[in-house]
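Numbering (this note's numbering), first residue to last: 56 to 220. Reading through the C-alpha cells given below for one structure.
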C-alpha cells in the first residue's frame with residue numbers, strides 16, 4: 056500500500072475586516088465605519104463630531120503615494136483598495152488652496168439613523184391666538200346667517216321693487 060502523505064496546506068487568509076477606517080484631517084482622528092457605508096453618511100457623521108473651528112469635510116477620498124486620489128461621491132459605497140491606499144477626508148481648507156477655481160459649498164446630506172431628531176420648539180399657544188380662532192368661527196357663522204336671511208327675503212324684496220314702478 057502506498058502511503059498518502061498530506062502536504063501541509065497554508066492557513067487560509069484572514070477574513071477582510073468588517074469595517075473601514077477613514078482618517079479625518081480636521082480632527083486628526085481615525086473613524087471606523089461598517090463595510091457598505093455610503094460616503095455621504097460617513098461625511099455627515101464626521102462633520103457632526105467636529106468642533107466649530109474645524110473645517111468641514113466635503114467628501115472622502117482614497118489616496119496612495121504617487122497615485123491620483125479617488126474621490127467618493129455622496130452615494131458611493133466606501134471600499135478599501137488594498138495595500139497602500141488610505142481613506143481620508145477632503146475638507147474646506149483643502150478646497151480653498153486647491154487653485155483658482157470657484158469654492159465649492161458643501162451640500163447637506165440627510166441621514167436617517169432611525170432615531171427621531173428633536174423638533175424645534177415653538178412658542179406655546181397664547182390666549183390671544185385662541186381668541187382670534189374663536190372670533191373667526193363666530194364671524195363665519197354671522198356672515199352665514201346674514202346671507203341666509205338675505206336669500207330668504209330676496210323674493211319679497213324683488214316683489215317690493217316691482218311694485219314701486
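Even for Gly, the Cβ is constructed at its ideal location relative to N, Cα and C. This structure is a prediction, so every number in the text was calculated from the model and none was measured.
Residues near residue i by beta carbon distance below 7 Å, same chain, minus five either side
i	result
residue 116	124, 125, 126, 127, 143, 145
residue 109	81, 82
Residue i to residue j span [Cα, whole Å]
i	j	result
residue 89	residue 118	19 Å
residue 181	residue 85	50 Å
residue 205	residue 192	20 Å
residue 197	residue 208	17 Å
residue 202	residue 103	60 Å
residue 63	residue 69	18 Å
residue 195	residue 189	10 Å
As assigned by DSSP and simplified to three states, the class of residue i
i	result
residue 109	coil
residue 136	coil
residue 125	strand
residue 97	helix
Span of the beta strand (DSSP E) around residue i
i	result
residue 211	Note, residue 211: premise wrong, no beta strand (DSSP E); alpha helix (DSSP H) at 182 to 219.
residue 144	141 to 146
residue 85	84 to 89
Cβ shell of residue i (< 8 Å), same chain only, five flanking positions each side left out
i	result
residue 132	91, 92, 93, 94
Proximal residues to residue i (C-beta, below 6 Å), its chain only, five neighbours per side dropped
i	result
residue 112	98, 101, 102, 144, 146
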